[in-house]
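Take a look at the structure set out below.
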Amino acid sequence: QSAWETLALLALSPKPLCFVYKKELHWVPFFGWAIARIQMIHIDRSQRALAFKKVAEQGERVMQEQRWVIMFPEGTRIARGQTGQYKAGGSRLACETHAQALPIAISSAKCWPRNSFVKYPGVIDISIGKPIASQGHTPDSLMSEVQSWIEGEMRRIDAPAYA
8 QSAWETLALL ALSPKPLCFV YKKELHWVPF FGWAIARIQM IHIDRSQRAL AFKKVAEQGE
68 RVMQEQRWVI MFPEGTRIAR GQTGQYKAGG SRLACETHAQ ALPIAISSAK CWPRNSFVKY
128 PGVIDISIGK PIASQGHTPD SLMSEVQSWI EGEMRRIDAP AYA
């Protein structure tokens with residue numbers, strides 16, 4: 008929902024994280040230049056055929072290093088109370104590497120709305136679901152289970168936004 012969760016997840020995670028992000032962010036002064044230099048996974052959407060292959064290769068390497076891969080399934084920030092279009096890249100990576108998916112719901116837009124410099128005082132709730140095994144799932148069925156949990160949990164932790 009906002010940039011808050013990116014910062015919070017880095018600070019709260021018990022393991023080193025690796026974010027998957029769009030390569031276009033490299034063009035953002037200072038921020039983009041910095042993330043280009045650290046070991047994260049970027050998606051080059053101009054090379055659609057090769058994009059996921061590179062993500063899968065890098066994702067497997069990162070997981071072997073005992074780092075967690077973070078993917079935001081909507082692919083972009085969505086407005087509070089809205090449901091984004093979930094993409095199966097994260098579930099596809101989990102299925103190909105036999106990793107678990109860990110769904111997380113965060114109500115950050117209550118305090119840090121998307122595309123806004125204005126911040127509001129308040130409480131941001133983070134809810135972490137149970138790990139979901141990828142075995143026995145297709146990428147679409149795994150993403151469907153993840154999406155169902157996240158959307159249900161968002162309606163619980165930020166009910167006023169969905170009224």
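For what it's worth, our numbering labels the leading residue of the sequence shown as 8, then goes sequentially. For glycine and all other residues, C-beta sits at the position ideal for the given N, C-alpha and C. In this text, all values refer to a predicted model and were calculated from it rather than measured experimentally.
Give the secondary structure of Tyr-169 by DSSP, where H, G and I count as helix, E and B as strand, and everything else as coil.
Here residue 169 is taken as the residue at index 162 of the sequence shown, counted from 1. Helix, per DSSP.
Going along the chain, which residues of its own chain have a beta-carbon closer than 8 Å to the beta-carbon of Arg-52, five neighbours each way excluded?
By 1-based counting over the sequence shown, the position of residue 52 is 45. So the qualifying residues of the chain are Lys-29, Lys-30, Glu-31 and Ala-58.
Buried or exposed for Glu-12, please, with buried defined as at least 16 other CB atoms from any protein chain shown within 10 angstroms of its CB.
Looking up residue 12 in the sequence shown gives position 5. Under this definition Glu-12 is a buried residue.
Helix, strand or coil for Val-69? Go by DSSP, reduced to three states.
Position 62 of the sequence shown, counted from the first residue, corresponds to residue 69. It is helical.
Reducing DSSP to helix, strand and coil, say where Cys-102 ends up.
If you number the sequence shown from 1, residue 102 lands on position 95. If DSSP states are grouped into helix, strand and coil, Cys-102 belongs with the helices.
Could you compute how far the alpha carbon of Trp-75 sits from the alpha carbon of Arg-99?
Mapped onto the sequence shown, residue 75 falls at position 68. Mapped onto the sequence shown, residue 99 falls at position 92. Cα to Cα, Trp-75 sits roughly 15 Å from Arg-99.
Closest by C-alpha distance to Arg-104, when choosing among Tyr-169, Ala-166, Lys-22 and Gly-143
The sequence position of residue 104 within the sequence shown is 97, counting from 1. In the sequence on display, residue 104 carries Thr and not Arg. Out of Tyr-169, Ala-166, Lys-22 and Gly-143, Gly-143 has the C-alpha closest to the C-alpha of Thr-104.
How long is the line joining the alpha carbons of Gln-107 and Met-150, rounded to whole angstroms?
Position 100 of the sequence shown, counting from 1, holds the residue named residue 107. Position 143 of the sequence shown, counting from 1, holds the residue named residue 150. Rounded to whole angstroms, Gln-107 to Met-150 spans 12 Å at the Cα level.
The beta strand (DSSP E) spanning Ala-112 covers which residue range?
For the purposes of this step, residue 112 is identified with residue 105 of the sequence shown, where counting begins at 1. That run of the beta strand (DSSP E) goes 111 to 113.
Run the CB neighbour count on Pro-110, radius 10 Å, all protein chains shown included, and call it buried at 16 or more, exposed below.
Locating residue 110 in the sequence shown gives position 103, counting from the first residue. Pro-110 is buried by the Cβ-count criterion.
Kindly indicate which three-state DSSP category His-33 falls into: helix, strand or coil?
In the sequence shown, residue 33 corresponds to position 26, counting from 1. His-33 falls in the helix class under three-state DSSP.
Beta bridge counterpart(s) of Cys-25 as assigned by DSSP:
Within the sequence shown, the letter at position 18 stands for residue 25. Answer is Val-76, bridged to Cys-25.
Of the listed residues Glu-72, Glu-81 and Ala-15, nearest to Gln-89 (C-alpha basis):
Locating residue 89 in the sequence shown gives position 82, where the first residue counts as 1. Among Glu-72, Glu-81 and Ala-15, the Cα nearest to that of Gln-89 belongs to Glu-81.
Return helix, strand or coil for Gln-107, following the three-state DSSP convention.
Position 100 of the sequence shown, counted from the first residue, corresponds to residue 107. DSSP places Gln-107 in strand when its eight states are reduced to three.
Kindly indicate the opening and closing residues of the beta strand (DSSP E) around Ser-134.
Reading the sequence shown from its first residue, position 127 is the one you call residue 134. Here the beta strand (DSSP E) through Ser-134 covers 133 to 135.
What did DSSP end up calling Ile-85 once you bin it into helix, strand or coil?
Against the sequence shown, residue 85 aligns to sequence position 78. Reduced to three states, the DSSP call for Ile-85 is coil.
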